[in-house]
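One structure is given below, encoded as structure tokens.
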Amino acid sequence: MSGYDAQAAAHVIAGNVVSAYARERPGLDTIGATVRDIAMAELMRTLLRVLPTDDGMLLATVCNFALEDALGAMDPGGPRVESVDPDTGVPTMRLP
Numbered sequence: 001m002s003g004y005d006a007q008a009a010a011h012v013i014a015g016n017v018v019s020a021y022a023r024e025r026p027g028l029d030t031i032g033a034t035v036r037d038i039a040m041a042e043l044m045r046t047l048l049r050v051l052p053t054d055d056g057m058l059l060a061t062v063c064n065f066a067l068e069d070a071l072g073a074m075d076p077g078g079p080r081v082e083s084v085d086p087d088t089g090v091p092t093m094r095l096p
């Protein structure tokens with residue numbers, strides 16, 4: 001992947017996942033900046049281990065592990081990532 005910027009891709013995917021997570025969870029649609037930053041950092045750190053990849057299911061699995069680490073104690077029944085479009089970074093979410 002010539003010219004691929006894993007850092008930028010991880011940032012886009014993480015931002016999309018955190019935003020989608022907040023939309024799917026009543027009461028968490030306005031998560032605080034600190035919680036958002038923690039979730040973003042954990043997602044980016046974890047995503048950078050597997051990028052670049054075109055496997056949307058792998059990206060979803062990685063995102064779910066990161067969300068569990070970052071938000072699991074606060075929101076154990078939160079939504080999960082079903083898939084991530086590797087081209088756009090847009091996640092599909094599902095409630096457990």
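Anchor point for the sequence shown: position 26 equals 26 in full-length UniProt numbering, and the numbering is continuous, going up by one each time. All C-beta atoms in this analysis are idealised placements derived from N, C-alpha and C, irrespective of residue type, glycine included.
Helix, strand or coil at residue i [DSSP, three-state]
i: Arg36; result: helix
i: Val84; result: strand
i: Thr46; result: helix
i: Met74; result: coil
i: Met1; result: Model confidence at Met1 stands at a pLDDT of 43, short of 50, so the residue's coordinates are unreliable and nothing is read from them.
i: Leu51; result: coil
Assigned exposure category for residue i - 16 Cβ within 10 Å defines buried
i: Ala39; result: buried
i: Tyr4; result: exposed
i: Ala33; result: exposed
i: Ala41; result: exposed
Proximity below 8 Å, CB of residue i to CB of residue j
i: Met57; j: Ala14; result: no
i: Val17; j: Cys63; result: yes
i: Met93; j: Ala20; result: yes
i: Pro79; j: Leu95; result: yes
Endpoints, the beta strand (DSSP E) within which residue i is located
i: Arg23; result: Segment 6-24 is the alpha helix (DSSP H) holding Arg23; no beta strand (DSSP E) there.
i: Pro91; result: 91-94
For residue j and residue i, believed in contact at Cβ under 8 Å, the rounded distance
i: Pro91; j: Asp54; result: Between Asp54 and Pro91 the Cβ distance is about 15 Å, and since that is not below 8 Å, they are no contact.
i: Ala10; j: Leu48; result: 5 Å
i: Leu51; j: Ala6; result: 4 Å
C-beta neighbour in chain D for residue i, strict 8 Å
i: Leu67; result: As a matter of chain content, chain D is missing from the structure shown, which is built from one protein chain.
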